[in-house]
Structure formats: C-alpha cells, structure tokens
Amino acid sequence: MGKLEGQVAVITGASGGIGAATARLFAREGARLALLDVAPVPEELQNLGTAHVVDVTDAGAVESATAKVVQDHGRLDILVSAAGILDEVPFLEMSPERFDRTIAVDLRGVFLAARFAAPHMVAAGGGRIINIASQLGIKGGTNLAHYVAAKAGVIGLTKALALELAPKGVLVNAIAPGPIVTPLIDGLSEEWKRSKSAELPLGRFGRPEEVAPTALLLAGSPDGDIYVGQTLGPNSGDVMP
Ligand SMILES: NC(=O)c1ccc[n+]([C@@H]2O[C@H](COP(=O)([O-])OP(=O)(O)OC[C@H]3O[C@@H](n4cnc5c(N)ncnc54)[C@H](O)[C@@H]3O)[C@@H](O)[C@H]2O)c1
C-alpha cells in the first residue's frame, strides 16, 4: 500500500524540478495527480494523471481547473503549490511592474490555488496544503527583494491558513528549500553557484528528489498528522531557524 493510496493531489508547477519530483514520488505512493503548469507538462508525467495548462496568476483559470479536477477525480485531498519564478534584479533597478509580477506568481498564485482547493477539502472533512516557499523568505537575499517578499509572504500565509483551517481538518504547511538544482537557478552565475556551495555546511546544493520526501511527509497520514503551520527546511544546512 502506498502512503497516498487513493488520494487525489493537485501539484502546481508540475513541469518544473521540484513539482515534477513531487509528482513522481506521490504517484509511486499511489496518489492520482492533477498536474498544473503554465508550461506544457512533459510527456513522461502525463500518464501519472491529468494535465492542465494553467497560469496560477489567473483566478478564473485556477478556479475552473480545480473544479475540473474534482469533477474528474471525485475528490481533492492534497495541494502542493510549487509554481514559481525567480528574476534577479538589484532593488535600485526594480520596476514596480517587475515587483508585481513576482508577487503575482510566487505569492498570489499560492493564495489562489489554496483559495479554490480548500473549500473542497473542508467539505470533505480534511486535506493537506503544502506551499513551497524558500529559505530566502527567512534569511533575505540580495537582488531578489520581490522574491524574498513573496516567499516571506508565503510563510505568513501558510501560518494564517493553518490557524483557520486546522479546526476544519485541513493541515497547511510550507517547505522552504535551500538551493536546489532545477531550471529555476540555471540562470545564476557559475561563480555564485561555486561560492554558494562552498558556504553550505553540506557543501552541495540539494536535488528535487531530496525535497519531494518532505512534501510526502506533510501530505501523508499518520506521518504528517501533527504538522500545522510549520516551515520545514531541506536546505543543506544554510538556514537553521
Ligand atoms: N530551485 C531552488 O533553488 C529553489 C529554492 C527555494 C525555493 N524554490 C521554489 O520551489 C518552487 C519550484 O521551483 P523549481 O526550483 O522546481 O523551479 P522550476 O523553474 O523548475 O519550476 C517552476 C515551475 O513553475 C512554473 N510556473 C512559472 N510561472 C507559472 C505560472 N504563472 N503559472 C503556473 N506555473 C508557473 C514553471 O513553468 C515551472 O514548471 C518555486 O516556488 C521556487 O521558488 C526553489
């Protein structure tokens, strides 16, 4: 028996590194998946469930995709919000439009996914919401004021939702990864990657497959039953809150 046997999970950002690794692990544990991404879901993932091209900043699209998932699968037990963008720019050059764009995807997108998934979970008497934040939301970071603000926002949003929804059976938690080798950080300089790796107690970045088990812990029962409003840190030791 898989740990998520018979459960239905929505994963946003499913075409990306962390989202896809989570999808593969959840599928191995018996979950049926709805894979949401603005980019097409790779073919190898499509047979793990239904694929939906959705921009998480578009409230109408998120609402109708969520309704379709419930219609197709008959239930919705788990949401993993992994869609995100990272756009490096010094604060003194950051336009309001660029700030708004990152907040729209990385914070509002997380709100929208939870906002439309949670009512189905509450109606069913339980569910799990797992928001992918970032350790930068805890420690800060240069040239990423919008990203840092969004990720700190995700951690705060997670706590607020956890307080409101836990009494209704829906457990909400966040994961704040450290640097993970995915397309998100491809654009960062090799020099930064070398010096950042050297500074980590573990001496290396993580892999998406090393983040997915934290999502499984939070999604599963009884393993995740006592986590409420927490931010777990698979981060090579970079941040120790
Ligand atoms: N890679 C890291 O070092 C790292 C560290 C901490 C946190 N994170 C967070 O983990 C999450 C997953 O990132 P990743 O590293 O797998 O990156 P990734 O770029 O591989 O995946 C992100 C996915 O989100 C999708 N996406 C972007 N904008 C979208 C939108 N508007 N609507 C729907 N989908 C959209 C992309 O198409 C992509 O498939 C992100 O929230 C990211 O901020 C990543």
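Using my numbering, read the sequence shown as starting at -1 and increasing by one per residue.
Glycine residues also receive a C-beta, built at the ideal position from the N, C-alpha and C atoms.
Q) For the beta strand (DSSP E) that contains residue 224, what are its first and last residues? A) Counting along the chain, residue 224 falls outside any beta strand (DSSP E), and DSSP gives it neither H nor E.
Q. Would a C-beta distance cut-off of 8 Å place residue 51 and residue 35 closer than the cut-off?
A. yes
Q. Secondary structure at residue 47, three-state DSSP: helix, strand or coil?
A. strand
Q | 8 Å Cβ cutoff met for residue 119 and residue 74 | A | Contact flag set, yes.
Q: Identify which residue in 141, 30, 16 and 100 has its Cα closest to the Cα of residue 5.
A: Taking only the C-alpha atoms, the option nearest residue 5 is 30.
Q. Taking 7 Å as the cut-off, is the CB of residue 146 close to at least one heavy atom of ligand 1?
A. no
Q: Tell whether a beta-carbon distance below 8 Å holds between residue 126 and residue 217.
A: yes
Q: Take the Cβ of residue 166 as the centre, count every other Cβ of all protein chains shown within 10 Å, and call the residue buried at 16 or more, exposed below.
A: exposed
Q) Closest to residue 86 by CA distance: which of 182, 207 and 24 is it? A) 182
(Q) Between the alpha carbons of residue 83 and residue 103, how many angstroms are there, rounded? (A) Going from the Cα of residue 83 to the Cα of residue 103 covers about 7 Å.
**Q.** Inter-residue CB distance, residue 222 and residue 215 (contact presumed, cutoff 8 Å)
**A.** Between residue 222 and residue 215 a beta carbon distance of about 5 Å is seen, short of the 8 Å cut, so the two are scored as contacting.
Q) Would you say residue 180 touches ligand 1, meaning its beta carbon is less than 7 Å from a heavy atom? A) yes
Q. Which same chain residues, not among the five before or five after residue 110, have their C-beta less than 7 Å away from its C-beta?
A. 54, 57 and 60
Q.
Between the alpha carbons of residue 202 and residue 121, how many angstroms are there, rounded?
A. C-alpha of residue 202 to C-alpha of residue 121: approximately 43 Å in a straight line.
Q. Regarding residue 85 and ligand 1, is the C-beta to nearest heavy atom distance less than 7 Å?
A. no
Q: Measure from the alpha carbon of residue 128 to the alpha carbon of each residue in 229, 219, 25 and 38, then state which is nearest.
A: Residue 229 is the option with its Cα nearest to residue 128.
Q) Would you say residue 153 touches ligand 1, meaning its beta carbon is less than 7 Å from a heavy atom? A) Residue 153: no, Cβ never under 7 Å from ligand 1.
Q) Could you give the distance in angstroms between the alpha-carbon of residue 63 and the alpha-carbon of residue 9? A) 12 Å
Q: Output the distance between the C-alpha atoms of residue 124 and residue 88, rounded to the nearest integer angstrom.
A: C-alpha separation (whole angstroms): 42 Å.
Q: Could you give the DSSP three-state label for residue 229: helix, strand or coil?
A: strand
Q: Sort 2, 171, 96 and 66 by Cα distance to residue 147 and report the nearest one.
A: 96
Q: Would you check whether ligand 3 has a heavy atom nearer than 7 Å to the C-beta of residue 239?
A: Within the structure as shown, ligand 3 is missing, the only ligands being ligand 1.
Q: Answer yes if the stretch 167 to 180 comes into contact with the stretch 127 to 145, meaning at least three C-beta pairs across the two stretches below 8 Å, and no otherwise.
A: yes
Q) Any idea what DSSP makes of residue 96, helix, strand or coil? A) helix
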